[in-house]
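What follows is a set of notes on a single structure, which appears directly below.
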Amino acid sequence: STNSLHIFVAIISFFALGVLSPPSLHAFRHAATQLDFLSSSSSSADDVKEEAQSSSSSATSLQLPPHTPCTSSNLGNYIHDTPVPGLHIVCIESLLDFDADDSNTLRFAFFQNAIRPKLYQRKKITAIRGTKHDNGVGSIDWNEVKHLMVNELRLMPEGPRQQPWAVFTPLGERIVGENDVVSTGESNAQILQALVSSGMVLVFQGGNWRWPGVREGFQRNIELSPTLDFTNDSTTTAKRNITIETLSMTPLVVSIKGFLTDQECDHIAELAGPHMQYSGVSLKDADKGKAASNWRTSQSAFIHSDADPILKAIDHRTASLTRIPKAHQEVLQVLRYGTSEKYDAHHDYFDPKDYQSDKNTMNLIENGKKNRFATVFWYLTTVKEGGETIFPHYGNKPLPRGYVHSDCTSGLKVKPQKGKVIIFYSLDARGQMDTLSLHGACPVIGEDDIKWAANKWIWSAPMLFTSDD
1 STNSLHIFVA
11 IISFFALGVL
21 SPPSLHAFRH
31 AATQLDFLSS
41 SSSSADDVKE
51 EAQSSSSSAT
61 SLQLPPHTPC
71 TSSNLGNYIH
81 DTPVPGLHIV
91 CIESLLDFDA
101 DDSNTLRFAF
111 FQNAIRPKLY
121 QRKKITAIRG
131 TKHDNGVGSI
141 DWNEVKHLMV
151 NELRLMPEGP
161 RQQPWAVFTP
171 LGERIVGEND
181 VVSTGESNAQ
191 ILQALVSSGM
201 VLVFQGGNWR
211 WPGVREGFQR
221 NIELSPTLDF
231 TNDSTTTAKR
241 NITIETLSMT
251 PLVVSIKGFL
261 TDQECDHIAE
271 LAGPHMQYSG
281 VSLKDADKGK
291 AASNWRTSQS
301 AFIHSDADPI
311 LKAIDHRTAS
321 LTRIPKAHQE
331 VLQVLRYGTS
341 EKYDAHHDYF
351 DPKDYQSDKN
361 TMNLIENGKK
371 NRFATVFWYL
381 TTVKEGGETI
391 FPHYGNKPLP
401 RGYVHSDCTS
411 GLKVKPQKGK
421 VIIFYSLDAR
431 GQMDTLSLHG
441 ACPVIGEDDI
451 KWAANKWIWS
461 APMLFTSDD
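In structure tokens form, the structure reads like this:
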């Protein structure tokens with residue numbers, strides 16, 4: 001069809017190749033533990049363990065997520081002081097009524113927009129035992145749970161510019177989404193068992209995982225999955241523990257030190273060196289005919305990872321870090337900034353209203369249904385002076401009167417440090433464009449300094465930019 005041809009041309013124009021390839025994340029493992037939410041459960045730990053084992057008997061192939069009880073300390077890793085529209089926390093507790101052997105009940109508590117409610121209200125769903133699909137908690141219908149979540153969290157359905165919402169474990173494992181096909185029987189039981197096993201779940205209206213910032217300075221220790229053995233080097237394929245630190249809440253910016261080794265940084269720069277050219281930009285309708293150098297004076301190159309085992313391993317590591325499948329990634333862009341070179345403040349998303357005459361871009365983003373969701377920015381060298389990544393809206397501040405996009409005097413300024421990466425999100429938890437994500441690259445000041453960097457743009461839906469492995 002003509003539309004399909006437009007999409008194909010758009011993808012080629014963005015150097016796109018390949019097919020879907022999900023990331024390797026944490027392995028599910030089941031640990032039946034008594035849920036401790038605000039008050040003690042009506043069932044003992046032994047009762048919960050026995051029920052969980054019974055519930056999982058008909059779906060032995062499913063590895064269940066680790067249990068995260070909704071204790072005050074665990075909630076403190078996700079609750080925010082101010083609302084985060086589109087991010088919700090749900091606590092799920094399995095209750096057994098031993099006075100009525102024909103019932104099985106789940107109890108829910110909701111933290112809409114990731115804040116503590118003034119009044120805790122719990123909801124219950126009870127299933128009748130003795131049906132042909134009797135399977136403990138798996139007897140409860142996912143559609144009934146889904147209906148409860150939609151009503152309590154005011155979730156919006158998928159639409160022309162809205163991705164379907166999804167439910168995740170606290171570690172970022174996707175459990176189920178709005179439009180997942182869940183049949184009565186085993187698949188329904190697996191979903192319910194996973195929800196109960198997780199205990200605490202996070203619901204994102206935008207359908208993609210974002211690391212909850214909680215507050216500025218908050219640190220979260222996570223485990224990265226081992227990458228596939230592309231290099232025959234055990235140091236790159238072993239599990240790694242890293243610390244994610246929140247640098248800013250508005251916009252959401254997090255930092256991870258030591259994500260790349262010095263050897264990996266050098267390898268990327270050396271690989272891209274012969275291909276560097278002065279950078280272009282995607283021109284808005286109002287800027288057609290203008291030179292890219294009006295905003296951007298750096299050099300760049302797009303490097304495919306298909307033929308390079310080190311880049312392949314880093315692609316998978318990036319997917320594990322973001323908890324977003326590799327199929328959402330664009331091809332790696334490598335950047336070089338010499339003395340005085342810069343990139344004025346801009347957004348990484350494509351606002352449909354600015355590209356109405358650009359059919360390739362409008363087809364690529366499906367008129368706003370898909371967009372760049374997050375940017376993973378890698379610093380390949382340490383820069384002594386200048387070269388910071390600046391976020392002018394830091395702290396939800398408006399731009400000052402007379403602001404020019406080359407201004408590097410105010411805002412959050414992240415200094416380049418070799419091996420460090422930052423993640424900033426172009427879309428918010430609802431999946432809507434976040435205007436606060438405006439950012440730029442300040443000029444390199446030192447005469448002998450060269451800033452090497454690279455970035456992975458992560459989309460809100462699977463694309464055809466990167467190949468399967």
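Position 382 of the sequence shown, counting from 1, maps to 382 under our numbering, and the rest follow consecutively.
Every residue, glycine too, gets a C-beta built ideally from N, C-alpha and C.
Counting C-beta pairs with one atom in each stretch, the stretch 182 to 197 and the stretch 70 to 88 have fewer than three that are closer than 8 Å, which means they do not touch. In this structure, glycine 273 keeps its C-beta atom at 9 Å or more from the C-beta atom of glutamate 245. Rounded to the nearest whole angstrom, the C-alpha separation of asparagine 113 and threonine 435 is 19 Å. It is roughly 31 Å from the alpha-carbon of alanine 461 to the alpha-carbon of proline 69. Remark: C-beta atoms of leucine 87 and phenylalanine 259 do not approach each other more closely than 9 Å.
Rounded to whole angstroms, the gap between the alpha carbons of aspartate 358 and histidine 328 is 22 Å. Bounds of the alpha helix (DSSP H) holding alanine 272 are 262 to 272. Taking 9 Å as the cut-off, the beta carbon of leucine 412 is found no closer than this to the beta carbon of valine 167. For lysine 456, the enclosing beta strand (DSSP E) covers residues 451 to 459. The bridge partners DSSP lists for arginine 210 come to none.
Between the stretch 414 to 421 and the stretch 388 to 405, the count of Cβ pairs shorter than 8 Å is three or higher; the stretches touch.
Contact check for serine 426 against phenylalanine 373 passes: the beta carbons are separated by less than 9 Å. With a 10 Å radius around the Cβ and a threshold of 16 neighbouring Cβ atoms, lysine 123 comes out exposed. Valine 383 carries a coil assignment under DSSP once its states are collapsed to helix, strand and coil.
Inter-residue distance for valine 421 and valine 201 is about 27 Å (C-alpha atoms, whole angstroms). Counting of Cβ neighbours within 10 angstroms places glutamine 263 among the exposed residues, the total staying below 16.
Ranked by how close their Cα comes to the Cα of lysine 342, the residues His439, Ser255, Ile314, Phe350 have His439 in first place. Note on geometry: alpha-carbon atoms of asparagine 221 and glutamate 93 lie some 26 Å from one another. In the structure shown, the three-state DSSP call for threonine 68 is coil. Between the alpha carbons of aspartate 81 and threonine 375 lies a distance of about 25 Å. Along the length of the stretch 146 to 203, whole alpha helix (DSSP H) runs at least 4 residues long occupy 186 to 198, reported in chain order. Straight through space, the alpha carbons of glycine 368 and valine 331 are spaced by roughly 21 Å. By DSSP's assignment, phenylalanine 391 forms a beta bridge with Leu412.
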